[in-house]
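Asks: Going by UniProt numbering, the sequence shown opens with residue 1, and the numbers climb by one from there.
Quick one: the structure is below, and I'll ask about it shortly.
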Amino acid sequence: MQFSYGHTISNLYDSKGRKLRSSYVTTNQNLYVPIGSTVAVSSEKVLTSTVRDYCGRIIYENNVLSKILTEEGYITLSGSTPIYHYYAQDHLGNNRVVVNQNGTIEQVTHYYAYGLPFSEGYDTSQQPYKYNGKELDRMHGLDWYDYGARFYDPALTRFHGADPKAHLMPSWSPYSFCFNNPLKFIDLTGEIPTPVEGASIAGHIYDGKIGDVLDGDWRLDKVYTNSENPAYRSGLYSRTVDGVTEYAMANAGTYFENSKRGHGSMSEDIEQPFGGSENMKVSIATAKQVSRDVGDKELTFIGHSKGGAEAAGNALATNRNALLYNPAAINAEAYGLDTKSYTGADKNGMTAFVVKGDMLNSFINQFFAKPIDKVVYLPQQSKNPVTNHLIDSMIKALQQYYKINEQK
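Put into structure tokens, the structure is as follows:
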């Protein structure tokens, strides 16, 4: 990238799109660079040159260790002595305040809704990781956030590159940010938000294979089954972004097929509201073990149909977040679960997405189910309640829902 007066920014990436190096050149005299072209900068015209290398969480600047990123903040060195710096974040993961290990405030940043920092603040140049925890590149007045897949301009409230997953959301502009609703959604990588990824995972777990990689780079690592309960199937997915691994455990829902697991899963839909689901008991036990195994890593429970009820039970049992899609009803008390004390991790909680006219929520859940947390009702897709229940209908309904909310 070259500016009209000659300064340049160059980025180097690996085969997976991870940034390895940023190089900045400042010229000692203004050059005329016509729009759409570049001009070579000879060494005698270079005033300063800065090279920043990204080695996972370790960052070097001009071959000198600059900082080590952690999940809570970052580490710098004073000589050979490490100094720890911690972030205070809001619900969107925006770094509002930076304090050092002694509790001294080092930086305060306020944001407009789409991420542009206020001019008011305290030592706003202290460190560059700000809105959504993303790096703000301010060199030469660029002021773009690096979201990994693309750069985002908070002044224009749009990305400068097309979404590489745009084919999954054809009704949306490939340059839009968080479905034009940054108060509700975050965009971890510059691609589609979590609700759509969750729906994709919820559909995949029915018959997906270990090693399969989904959009959003979610990979199925493990599959859990139970010989005594053929209708039960769940799986553990993971992905790593900027050196941080997050997990999702998904439960398969109703199998509409003439088989032992098909008959069993449809029976489970009826038994779950009455507390008679063996699949639910197996799922909760599995979820507790998975939660212990991943420790303080992010873990979201996902499920469609009867798998949605099981995902709700998993979330209640571990106080983790959950995304539910046309979920069957759950009688939490019958399984020893407490809905009143549930908050979810980081207060994100549990969101149920329901297609209007869905068979479970039209005929069964309306008599037994009470929302545990948030419910989002999506546009009806068919006059057939069974069609509305299918995961493919859910994905189409999500696309329509976001499009409608963009136009309001």
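From the three backbone atoms N, C-alpha and C, an ideal C-beta is built for every residue, glycine too.
Start and end of the beta strand (DSSP E) containing P82?
Replies: That run of the beta strand (DSSP E) goes 81-89.
Asks: Determine, using beta carbons only, whether V51 and G6 come nearer to each other than 8 Å.
Replies: Going by C-beta atoms, V51 is not nearer than 8 Å to G6.
Asks: Answer yes if the region 93-111 comes into contact with the region 123-133, meaning at least three C-beta pairs across the two stretches below 8 Å, and no otherwise.
Replies: With the cut-off at 8 Å, the region 123-133 and the region 93-111 touch.
Asks: Since Y224 and G235 are thought to touch, with beta carbons under 8 Å apart, how far apart are those beta carbons, to the nearest angstrom?
Replies: Contact holds; Cβ gap of about 7 Å.
Asks: Tell me which residue opens and which closes the alpha helix (DSSP H) that P195 is part of.
Replies: Taken as a continuous stretch (DSSP letters only), the alpha helix (DSSP H) holding P195 covers 194-204.
Asks: In or out: T300 buried (at least 16 other Cβ within 10 Å) or exposed?
Replies: Its Cβ being crowded by 16 or more others within 10 Å, T300 is buried.
Asks: Just tell me which of A311, Y54, Y152, Q101 has its CA closest to the CA of G115.
Replies: Among A311, Y54, Y152, Q101, the Cα nearest to that of G115 belongs to Y152.
Asks: Three-state secondary structure (DSSP) at G17?
Replies: G17 falls in the coil class under three-state DSSP.
Asks: Whose C-beta lies closer than 8 Å to the C-beta of K222 among residues of the same chain, with five residues either side of it excluded?
Replies: Excluding positions up to five away in sequence, the list reads I210, G235, L236.
Asks: Take G73 and list the residues in its own chain whose beta-carbon comes closer than 8 Å to its own, dropping the five residues that flank it on each side.
Replies: Same-chain partners within the cutoff: Y84, H85, Y86, Y87, V98.
Asks: Would you tell me roughly how many angstroms separate the C-alpha atoms of D146 and A309, rounded to the nearest one?
Replies: Cα to Cα, D146 sits roughly 37 Å from A309.
Asks: Out of D358, Y175, Y13, which one is the CA nearest neighbour of T160?
Replies: In the sequence on display, residue 160 carries His and not Thr. Comparing Cα positions, the closest option is Y175.
Asks: Indicate whether G357 and A315 have their beta-carbon atoms separated by less than 8 Å.
Replies: Result no, Cβ atoms of G357 and A315 do not sit closer than 8 Å.
Asks: Using the Cβ count rule (16 or more neighbours within 10 Å means buried), how would you classify G307?
Replies: Buried, by the Cβ-count rule.
Asks: Pull up the distance between the alpha-carbon of I192 and that of V354, whole angstroms please.
Replies: Legend: pLDDT at I192 = 43, less than 50; position of this residue unreliable, value from coordinates given subsequently. Spanning the two alpha carbons is a distance of roughly 20 Å.
Asks: Taking only three categories from DSSP, how would you classify F367?
Replies: Any reading at F367 must be qualified, since the residue scores a pLDDT of 49, below 50, and its modelled position is unreliable; no value is offered.
Asks: In its own chain, which residues sit with a C-beta less than 7 Å from the C-beta of A199, not counting the 5 before and 5 after it?
Replies: Y325, I391, M394, I395, L398, listed in sequence order.
Asks: Check V41 in the structure and name its three-state DSSP category.
Replies: It is coil, neither helix nor strand.
Asks: Rounded to a whole number of angstroms, what is the C-alpha to C-alpha distance between L378 and R18?
Replies: Distance between the alpha carbons of L378 and R18 is about 35 Å.
Asks: To the nearest angstrom, how far is it from the Cα of I75 to the Cα of I68?
Replies: Answer to the nearest angstrom: the Cα atoms are 5 Å apart.
Asks: Looking at the structure shown, is F274 part of a helix, part of a strand, or coil, going by DSSP?
Replies: DSSP places F274 in helix when its eight states are reduced to three.
Asks: Classify P327 as helix, strand or coil using the three-state DSSP reduction.
Replies: Residue state, collapsed to three classes: coil.
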